[in-house]
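Chemist: Line by line, the protein sequences are chains A and B. For what it's worth, this note's numbering labels the leading residue of the first sequence as 400, then goes sequentially. For what it's worth, this note's numbering labels the leading residue of the second sequence as 29, then goes sequentially.
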Amino acid sequence: MYNRSIELMVGLFIAIGIAALAVLAFQVSGLSLKSGSDTYKVYAQFDDLGGLTARGKVSMAGVTIGKVSNIELDKESYTALVEMELYSSVDNLTTDSIAAIQTAGLLGEKYISINVGADEEYLAEGDTIFDTQSALNIEKLIGSFASGK
Amino acid sequence: MLGYFRKLGASTMHSLSVLGRSGLFLWNSLVGIPDLRNGMPLLIKQLYSVGVLSLVIIVVSGLFIGMVLGLQGYNILVDYGSEQAIGQMVALTLVRELGPVVTGLLFAGRAGSALTAEIGLMKATEQLSSMEMMGVDPLRRIIAPRLWAGFISMPILAIIFSAVGIWGGMLVGVDWLGVYEGSFWANMQSSVSFEKDILNGIIKSLVFGFVCTWIAVFQGYDSTPTSEGISIATTKTVVYSSLAVLGLDFVLTAVMFAAF
């Protein structure tokens, strides 16, 4: 009987540990079990990322519709090539959509906001968004104010 | 003059021999085919006394540390109007540093000292040598289950500590100070990465668990079999474990998080 209650407590202890790990994984780090089949990849080129990082949000009208999966430099055009993974449920983004880098709040993290255009065709796996707006660069903005242009 | 050199040499040789003995001790108790049928009940009993009984102190201190982090972070961040970032601050601090380190220190104080005292007393009352007389290897019967219990429970305790601490931070930040809950979690999720932060934190706690348990069990096994010897060994356990945790934490942080 004594041994049984000890076994029960140890089992509970291990279970609490696993539950806490699950909380850390899913609630704290936002790990999702969604595999690659639930998303599709779309690319966009920006002149200036201004602090956008991988794992950043991609949103439309404030709703998260995907995440930035990879960022690298396009050596030919000297621009930043951003790879985004969008949820497959959002499959009606037009090919002339506009991707803009915006800031959450005044000092918050950078994210990509997508606005749809009027085209008939929709973006599919591997397509590129051509119409992009780079991040608002506060130093440049202040600089242009200071020089009066 | 020569006497100083002689003392230096003697103390070096002494520390080296202790190091060698502790290495051999670890090797002898862990290497070999584990006897699962007879070993499991022993391991479960040790998991109970090392892990389950440490749960209360871990949960309570995790809760308070998370709450303090929430309060302090709010006071600083509110000046910059970015109190939503409190979630990511609390989570990163706990998962990367405070979770493993504070759990390691508490573990050394709560479980390590108990292990040392228990084994030291076993040695002083000659239970270990009578086991040897009966043909039972005390390393396998007494030491190995305690070592494994420490290795297993420490990461679990650290994970529980971090989770409870984050909950405490949320309690203070969201429920008391009124930070918007949505941005609390969203900021946290966008900045905490599972592989980089949480897994590295778990690796840290694995290392701390290994070192703390090793030190505790070895100090008990190597203690002078007198009441004074046991008290010295217990003190040594807590001091050495704490120093090892803090020192190793710097090394591990430098390897894991430094950008170079």
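For every residue, glycine included, the Cβ atom is placed at its ideal position computed from N, Cα and C.
1) Pairing CB atoms from the segment 218-225 of chain B with CB atoms from the segment 137-151 of chain B, are three or more of them under 8 Å?
2) Do B:V220 and B:L276 have their C-beta atoms closer together than 9 Å?
3) State the DSSP-derived secondary structure class of A:D518, mapped to helix, strand or coil.
4) Mind listing which residues of the segment 518-535 of chain A have their C-beta closer than 8 Å to chain B's C-betas, in chain order?
5) Between A:L492 and A:L480, is the Cβ-Cβ spacing less than 9 Å?
6) Taking 8 Å as the limit between beta carbons, can you name the residues of its chain near B:K73, skipping five residues before and five after?
7) So, does the CB of B:P128 fall closer than 9 Å to a CB anywhere in chain A?
8) Taking only beta-carbon positions, decide if A:A424 is within less than 9 Å of chain B.
9) A:E482 and A:Y442 - do their beta-carbons sit closer together than 9 Å?
10) So what's A:K456 in DSSP terms, helix, strand or just coil?
11) Strictly below 8 Å CB to CB, what residues from chain A border B:G79?
12) How far does the alpha helix (DSSP H) with B:V279 in it reach, from first residue to last?
13) With DSSP run on the structure shown, which of helix, strand or coil describes B:E160?
14) Can you tell me which of the three DSSP states A:Y486 falls into?
15) For A:R454, go through chain B and note every residue whose CB falls closer than 8 Å to its CB, in chain order.
16) Roughly how far, in whole angstroms, is the beta-carbon of B:L167 from the beta-carbon of B:S57, given that I think they are within contact range, below 8 Å?
17) Quick one: using the 10 Å Cβ neighbour count with 16 as the cut-off for buried, is A:A414 buried or exposed?
18) Beta strand (DSSP E) containing A:S468: first to last residue?
Modeler: If we stick to the structure as given:
1) No: the two stretches stay apart, fewer than three of their Cβ pairs being nearer than 8 Å.
2) It is not a contact, given that the beta carbons lie outside the stated cut-off.
3) Note: A:D518 maps to coil in three-state DSSP.
4) Taken residue by residue, none of the segment 518-535 of chain A has a beta-carbon sitting less than 8 Å from a beta-carbon on chain B.
5) Contact flag unset, no.
6) Hits under 8 Å: P173.
7) Residue-level contact check: B:P128 does not touch chain A, since none of the beta carbons of chain A fall below 9 Å from its beta carbon.
8) The beta carbon of A:A424 falls within 9 Å of a beta carbon belonging to chain B, placing the residue at that interface.
9) In this structure, A:Y442 lies near A:E482, with their beta-carbon atoms less than 9 Å apart.
10) Shown here, A:K456 sits in a strand according to DSSP, grouped into three states.
11) Result: V409, F412.
12) B:V279 -> alpha helix (DSSP H) spans 255-284.
13) Residue state, collapsed to three classes: helix.
14) A:Y486: strand per DSSP, three-state reduction.
15) For A:R454, the C-beta contacts it makes with chain B under 8 Å involve S218, S221, in order along the chain.
16) A Cβ-Cβ distance of about 4 Å is found for the pair B:L167 and B:S57, placing them in contact under the 8 Å criterion.
17) Around the beta carbon of A:A414, a 10 Å sphere encloses fewer than 16 other beta carbons of the protein chains shown; the residue is thus reported as exposed.
18) Residues 462-473.
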